[in-house]
Amino acid sequence: MSHNNSKNRFLAFFQGGKFPKINRISLDIVWNVALFFLIIGLIAAFFAGGLGLGYMASLVEDVEVSEAEEMEQMVYNYEETSDIYFANDVYLGPVRGDIHREEIETEHVADVFIDALIATEDEYFEEHDGIVPKAIMRALYQEFTGAATQTGGSTLTQQLVKNQILSDEVSFERKAEEIFIALRMENFFEKEDILEAYLNVVPFGRDSTGRNVAGIQAAAQGIFDVDADELNLPQAAYIAGLPQSPYAYTPYGVGGTIKEEEQLQPGLNRMQTVLNRMLSAEKISEEEYEEALEYDLVGDFTDKRESIRDEYPWVGDEVEKRATEILAEKLAEEAGDLEEYQNVGATESHYEDLARHQLRHDGLEIHTTINKDIHDRFQEIKNAYENYGTTQTIRYEDPDTGERVEEEVPVEAGALMMENNTGAILGFVGGRDFERREVNNATRDTRPPGSTMKPLFGYAVGMELGMIQPGSPLLDVSFEYHASGGPWSPTNFIDYSQPSGLVDARSALADSDNIPIARLMINIIEQDGNPTRFLDGMGISGGENVPSNVLGGSPYLTVEENVAAYATFTNEGNYVEPYMIDKIVNRDGETLYEHEPEEEEVFSPQTSYLMIDMMRDVINNGTATSINNFLNNPGVDWAGKTGTSDNFEDAWFVASNPNITVGTWMGYYGHNDENRAQLTLNQDNYSSNNLRFWSELVNGAADVESDLVTPSDRFSTPGGIVSRSYCALSGNLPSDMCEELGLVQTDLFNIEHAPSEEDDSFTTGRFVEIDGERFAAVEETPEEFTSEGMSIDQDFIDQLGWGSTYRLGSGWSNPVDIEDVLGSGDWSDLMIASDDELEDDGTPDSPSNLSTSGSTLTWSQADGQVIGYRIYISDEEDGDFEEVGHTTETEYDLPSEGYAYAVSSVSLYGHESGLSDSIIYGTIEDEEDEEEEENDEAREEDDEDDEEDEEASDEQDGNDDEDDSDNDEDEDEDNDDSDENGEDDDDDENDE
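Quick note on the UniProt record's numbering: the sequence shown kicks off at 1 and runs consecutively.
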């Protein structure tokens with residue numbers, strides 16, 4: 001009660017008595033003064049506001065008012081990294097670009113990160129209409145007073161506008177534009193859309209590969225190796241703190257390595273600030289806050305990871321280059337500038353710039369043909385291979401400093417595998433060390449192809465034109481050909497491989513002989529005129545119709561070009577362009593580009609199969625036989641060709657089976673030493689090293705894709721291929737004489753060019769030899785000096801242009817000697833006669849310089865058309881001589897001693913010279929000696945007669961005794977008869 005009374009009295013003092021009267025005047029004065037200043041303040045405020053609004057209006061008067069659709073395009077046109085895929089949609093990695101970004105939807109981002117981001121960057125995000133006035137005033141105050149910045153003045157909406165619509169310029173004008181556009185954006189977009197766009201736009205510094213990253217998904221992956229929806233509280237708080245100063249707070253340096261501990265501290269401090277704001281905003285509890293502070297966040301930073309350029313440097317570069325070319329051509333075509341793009345360098349550069357921007361900012365998917373398993377296996381083999389060859393040291397003058405420099409130059413390598421029927425590149429070896437040399441040896445570096453050009457520019461062209469078949473005889477005889485550029489006289493590549501005369505095309509290819517294919521190429525160019533059109537059809541540009549190019553001096557090729565050209569033979573003569581980009585898809589899943597294989601007919605199926613069959617021999621018994629020792633699956637049907645450029649600078653091998661074609665190259669790169677030639681491979685093992693490398697790559701690929709790399713099927717034979725026997729000399733059907741000579745061979749033919757006429761290259765006849773050269777006998781030629789046999793028909797020789805009159809075009813400067821053609825071949829039963837027709841030059845000279853050695857008489861060769869000699873004998877030195885023999889040699893075995901001998905010469909036309917001076921073999925005796933010898937012989941005969949008489953007398957005495965005994969017996973018998981008969985004795989005496 002007393003309390004209320006006191007209060008009433010206190011109020012009454014102010015309400016009554018003198019107080020109101022005293023103060024009313026004062027109050028009136030104060031009120032009037034206050035009202036004056038209030039009115040003045042309001043006027044000033046309205047004036048200032050008007051000025052501010054007017055200034056604001058002037059700042060944004062040039063800003064175009066965007067419609068919702070246009071603004072949406074600008075907001076969502078943020079840079080998104082394009083990704084590369086191996087074949088079969090196996091992810092490879094992002095395209096190298098200025099910034100790495102991966103698009104993500106808000107629902108795939110952890111809530112804890114969104115809470116951290118809003119609490120830190122825009123605590124009134126859900127309430128404001130694009131801007132927070134007091135935050136702007138606070139920022140302005142801090143700007144004008146120089147006070148330390150505690151919080152930013154930009155909302156998430158403003159930051160989005162700054163990143164996607166405006167520039168990074170710092171000015172009041174740009175800030176005013178930002179505010180104006182942010183207010184308008186809030187009218188067009190839902191908060192959820194603004195937040196999602198921001199999550200994909202905001203920069204977060206660098207990731208573990210050293211790349212610049214933007215967007216929460218790229219940051220989560222690049223910093224903690226987790227997806228955005230897997231972030232825990234400390235990780236989320238750390239990343240949410242990065243946008244204020246991305247490169248100061250990022251944990252990674254330029255190279256992708258983790259910073260030192262003291263350099264990490266600013267980012268960790270910023271994380272604590274984020275946690276404090278989350279706690280103040282009641283997004284986390286005190287317990288969660290404390291746990292987050294104790295969390296070992298540094299331990300979560302992912303170690304440095306290899307970027308696509310580190311792990312697959314040649315693939316990344318190659319895919320980017322090819323994708324850029326594809327997109328540039330597509331953009332030019334869409335703009336109607338395709339022809340100008342293809343012919344004007346500036347236009348080409350313009351569209352390539354646009355394509356690169358599209359590739360690095362539009363989030364494309366680039367799907368390649370590269371088989372990851374094969375490609376990875378290739379790199380393993382390349383890195384482990386130990387037989388490249390010797391690393392050499394070169395010395396040169398540095399063009400910048402003028403100093404003499406020494407450089408270690410190892411043998412480089414390149415390889416590529418392509419699928420035949422599609423042209424898909426399945427794997428390659430770009431080089432041995434990308435850091436040492438970034439040039440892609442498989443797809444970009446061009447080198448002289450050496451003898452791998454022979455099938456492409458020589459043999460296949462010759463067969464397509466109907467000039468040769470695998471068994472066709474070719475001349476392996478040295479020559480000199482004059483054309484523009486000077487004389488050309490090639491030799492066979494291997495020193496010990498001397499010209500063999502006549503060789504079939506199949507063997508010439510297997511042994512990689514240069515002379516036969518060089519001769520053929522001259523004929524091809526002179527008869528066809530433009531064989532380079534076949535190279536053009538196989539994607540090889542820059543070729544010239546120069547015979548020497550068949551040996552591979554020009555044009556230079558990449559491994560890819562060489563492989564694709566060889567695959568033409570596997571596709572029945574149709575060239576299929578190689579490719580690495582299968583398709584390109586945009587972020588909306590729309591296909592911007594898809595490769596469509598196209599074929600161009602170059603050779604007939606028959607030519608292609610015959611070429612393959614010839615190249616089988618290169619592997620079976622030619623220059624590539626060693627791969628049969630290296631391959632784990634030697635039964636696969638391979639066909640290929642080795643190649644070596646001049647001075648052993650390059651080694652090649654390209655081979656195909658029914659599924660794939662694989663090519664390898666080895667050689668040096670670097671500067672030339674001013675004192676010596678280009679670096680050259682070791683001649684002893686250059687080819688073996690490359691063939692082994694090729695084989696190991698094939699073995700490795702077979703380990704991961706056996707069905708593809710080692711097919712059981714063989715190359716299929718097209719129609720129109722027949723097997724025929726032929727004569728090795730002419731290539732025609734064998735005749736009886738060809739068969740008798742053993743010159744019948746069998747090979748495959750295109751039925752359109754199979755032999756149909758019988759060989760008529762041989763003839764029979766009589767032949768003589770003059771000065772080591774054979775000539776056909778004439779009617780007057782004595783038969784004893786001729787040989788009967790088979791020879792090459794003169795008409796056939798004339799038809800081929802062989803012989804001393806041989807010329808083919810103005811370029812040839814030396815004839816083809818038939819002895820060179822057939823002398824070193826298996827022609828032992830063939831008489832080789834000169835095509836020269838000898839006129840009768842009269843009687844030849846007589847032989848001279850007769851001498852004897854033992855029983856052998858020799859003499860000097862007589863001058864003239866001498867085909868042989870007649871030998872004469874006489875018992876007197878100056879007596880009459882009679883013919884005792886003849887010979888075609890300049891020596892004769894004498895029949896007996898004691899006679900005089902002389903020799904005459906006989907010519908082709910039967911003329912005989914006079915006798916030579918005689919020569920005595922042994923001793924000729926005089927007449928007395930002969931009489932004495934006769935008497936001695938007579939006495940010897942008498943003595944022999946006496947001995948015979950004595951022997952006869954002895955024989956007679958023996959006979960007489962026998963007769964007496966017989967007579968006594970007869971007498972007794974007679975007496976007995978007489979007594980009995982009475983006859984007298986007189987008759988017996990008369991009988992006796």
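Glycine residues also receive a C-beta, built at the ideal position from the N, C-alpha and C atoms.
As the structure is a prediction and not an experimental result, all values here were calculated from the model.
It is roughly 10 Å from the alpha-carbon of Ala651 to the alpha-carbon of Gln683. Residue pairing by DSSP places Ile721 opposite Asn750 in a beta bridge. Contact check for Asn574 and Glu600: beta-carbon distance about 7 Å, within the 8 Å limit, so the pair qualifies.
Nearest in C-alpha terms to Ser860, of all of Asp845, Phe653, Leu293, Glu102, is Asp845.
In the three-state reduction of the DSSP assignment, Asp504 falls in the strand class, which pools E and B.
If you keep only unbroken alpha helix (DSSP H) runs of at least 4 residues inside the stretch 460–487, you get 460–464. In this structure, DSSP gives Ser904 an extended state, which the three-state scheme calls strand. DSSP places Gln745 in the strand class (E or B) of the three-state scheme. Per the Cβ contact rule, the stretch 565–584 is in contact with the stretch 369–379 (3 or more Cβ pairs under 8 Å).
Distances from the alpha-carbon of Val201 to those of Lys162, Thr209, Gln221 put Lys162 closest. By the C-beta density criterion, Lys134 is exposed, having fewer than 16 other C-beta atoms within 10 angstroms. Taking C-alpha positions only, Met611 is separated from Asp445 by approximately 27 Å. Within 10 angstroms of the beta-carbon of Gly622 lie 16 or more other beta-carbons, which makes it buried.
DSSP places Ser608 in no beta strand (DSSP E) but in the uninterrupted alpha helix (DSSP H) bounded by 605–621. When Glu739, Leu679, Leu264 are compared, the shortest CA-CA separation from Ile394 is found for Leu679.
Looking at the DSSP output, Ile581 sits in a beta bridge with Thr368. With three or more CB-CB distances shorter than 8 Å, the stretch 903–915 counts as touching the stretch 847–864. Nearest in C-alpha terms to Glu739, of all of Leu748, Cys727, Glu178, is Cys727. Between the stretch 244–257 and the stretch 84–93, the count of Cβ pairs shorter than 8 Å is below three; the stretches do not touch. A contact is defined here as three or more CB-CB pairs under 8 Å, and the stretch 354–364 fails this definition with respect to the stretch 635–650. With fewer than 16 other beta carbons inside 10 angstroms of its own, Met137 counts as exposed. Considering only His108, Glu105, Arg96, Ser154, the residue with the shortest C-alpha distance to Tyr124 is Ser154. Our two residues, Glu196 and Phe189, have alpha carbons roughly 11 Å apart in a direct line. For Tyr124, no beta strand (DSSP E) encloses it, and the DSSP letter there is neither H nor E. The Cβ atoms of Thr570 and Asn383 do not sit closer than 8 Å to each other. Taking 8 Å as the upper bound for CB-CB distance, Ala900 and Ile867 are not in contact here, some 25 Å apart.
By DSSP's assignment, Arg96 forms no beta bridge with any residue. Per DSSP, Asn420 lies in no alpha helix (DSSP H) segment and is marked neither H nor E. When the Cα atoms are used, Leu465 and Thr710 turn out to be separated by approximately 33 Å. Trp859 sits in a strand when the DSSP states are folded into three classes.
In this structure, the alpha-carbon of Val563 lies about 10 Å from that of Phe653.
DSSP, reduced to helix, strand and coil, places Trp665 within a strand of the structure shown. Per DSSP, Glu740 is one residue of the alpha helix (DSSP H) stretching across 736–740. For Arg870, the number of other beta carbons within 10 angstroms of its own is at least 16, and it is reported as buried. Burial state of Ser541 is exposed, judged by a 10 Å Cβ sphere holding fewer than 16 other Cβ atoms.
For Lys454, the secondary structure class from DSSP, reduced to helix, strand or coil, is helix.
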